[in-house]
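Visitor: Structure below; questions to follow.
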Amino acid sequence: MKAGHVFKVISADLEKDTETYPSPTRKIVFESAFDGKTDWALFRPGDPQKNTIVYLHGSFSGGDQIFTRKDIRDFWLKKILSSNHSLLSINMRGTSYMSPAAARDFTDLLDYCRKELDCRKIILLGGSGGASSAMAYACLHPEKIDGVIAMGMCDIFARLDFARKSKIEVLQNLAKVTFEAYGGNFEEKPELYTARSVLANINKLNMPIILSMGAADPLIPVTETRKIAEAMKGKDNFTYYEIPAGDHDSAVWINVDLETLNLSA
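Quick look at the structure:
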């Protein structure tokens with residue numbers, strides 16, 4: 042982190058394309074306190090008495106994924122809008138798996154939204170890379186959030202080790218860009234990854250958590266996800282839902298009440 046920088050919102054203008062970004066969605070452009078770089082998020086207000094849903098995009102996507110990827114838009118954006126929840130969708134510096142820079146930006150942005158946008162209770166929602174980032178942040182700052190809906194993930198050590206050893210190019214790239222964002226791999230920077238490891242921080246995870254996983258996911262090893270389920274077993278705040286024969290996307294299509302975080306079949 043470089044000295045001399047402060048978090049600053051540069052603009053928060055209404056999006057003109059109301060077909061893609063339902064009115065009154067604003068694009069929040071900010072300068073990072075971590076290193077002075079700019080990043081952005083999208084915010085659409087709802088009922089401030091209800092939970093604010095904070096959407097964390099998947100790997101190699103961006104902060105507009107919930108608005109522009111049709112299946113996610115049709116399922117999750119529709120659900121959030123129909124229930125009149127506020128939505129904050131964050132760019133997170135691209136694919137970084139809640140790197141130190143992304144985590145600092147995220148914390149500052151949540152503080153801003155609480156103070157300026159009347160966001161009260163914060164629920165993190167993400168699939169795949171977004172789920173990994175959500176759970177990493179829950180480990181780092183459990184005091185900042187009120188619940189997590191994590192759709193398809195495993196512990197960060199297992200996730201990145203599986204990715205870097207995979208013959209699948211997109212997974213190799215995932216490991217590469219994440220290690221770059223952290224300034225090293227987990228042999229070189231173990232303390233950074235341990236701080237974001239679910240298995241290393243079970244005692245911190247006392248907020249409501251829903252974890253879903255496709256049993257036949259080819260990109261994330263379900264055996265590693267089950268280790269989280271086993272470690273969290275017995276905690277009243279935790280629900281694990283595994284989809285038999287489910288693929289990578291199967292974990293995303295789950296019926297969750299966005300207020301109670303109750304999971305329905």
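In our numbering, the protein residues as written are 42 to 306. C-beta atoms are modelled at their ideal positions from N, C-alpha and C, and glycine is treated no differently.
#1: From the DSSP secondary-structure annotation, give me the bridge partner or partners of Lys49.
#2: Let me know the secondary structure DSSP gives Tyr178 once reduced to three states.
#3: May I ask you to report which of helix, strand or coil DSSP gives Val239?
#4: What's the gap between the Cα of Lys276 and the Cα of Glu60?
#5: DSSP on Asp88, reduced to helix/strand/coil?
#6: Do Pro231 and Asn278 have their CB atoms nearer than 8 Å?
#7: Once the 5 residues before and after Ala82 are set aside, which same chain residues still bring their CB inside 8 Å of it?
#8: Quick check on Leu83: does DSSP put it in helix, strand or coil?
#9: Pop quiz: Lys185 and Ile163 are said to be a contact at Cβ under 8 Å. What is the actual Cβ separation, rounded to whole angstroms?
#10: Taking 8 Å as the threshold (C-beta atoms), are Thr136 and Phe101 in contact?
#11: Assign Glu60 to one of three DSSP states: helix, strand, or coil.
#12: Who pairs with Phe279 in a beta bridge, going by DSSP?
#13: Given this structure, state the Cα-to-Cα distance separating Asn327 from Gly87, to the nearest angstrom.
#14: Alpha carbon to alpha carbon, how far is Val239 from Met176? Give it in angstroms, no decimals.
#15: For Val211, count the other beta carbons within 10 Å of its own beta carbon; 16 or more makes it buried, fewer makes it exposed. Which is it?
#16: If you draw a straight line from the alpha carbon of Asp322 to that of Pro141, how long is it in whole angstroms?
#17: Who does Val95 pair with in a DSSP beta bridge?
#18: State the beta-bridge partners of Asp54 as determined by DSSP.
#19: So what's Ser123 in DSSP terms, helix, strand or just coil?
#20: So, using beta-carbon positions, are Thr219 and Ile251 closer together than 8 Å?
#21: Closer than 7 Å by C-beta to Asp54: which residues in its own chain qualify, once you throw out the five before and the five after it? Chain order, please.
Guide: Reading from the atomic positions:
#1: Per DSSP, Glu72.
#2: helix
#3: coil
#4: 42 Å
#5: Of the three classes helix, strand and coil, the one that applies to Asp88 here is coil, per DSSP.
#6: no
#7: Lys68, Ile69, Phe71, Gly104, Leu129, Ser130, Ile131, Asn132, Leu150
#8: strand
#9: 7 Å
#10: yes
#11: Annotated three-state conformation of Glu60 is coil, per DSSP.
#12: Answer is Ile250, bridged to Phe279.
#13: Residue coverage of the chain in this structure runs from 42 to 306, which leaves residue 327 outside it and unanswerable.
#14: 7 Å
#15: exposed
#16: Residue 322 lies beyond the range of the chain shown here (42 to 306); nothing can be said about it.
#17: Leu129, Leu165
#18: Lys68
#19: The answer is helix: DSSP assigns Ser123 an H, G or I state.
#20: Not closer than 8 Å, so no.
#21: Short of 7 Å from the beta carbon of Asp54, and not among the five residues preceding or following it, lie these beta carbons of its own chain, in chain order: Arg67, Lys68.
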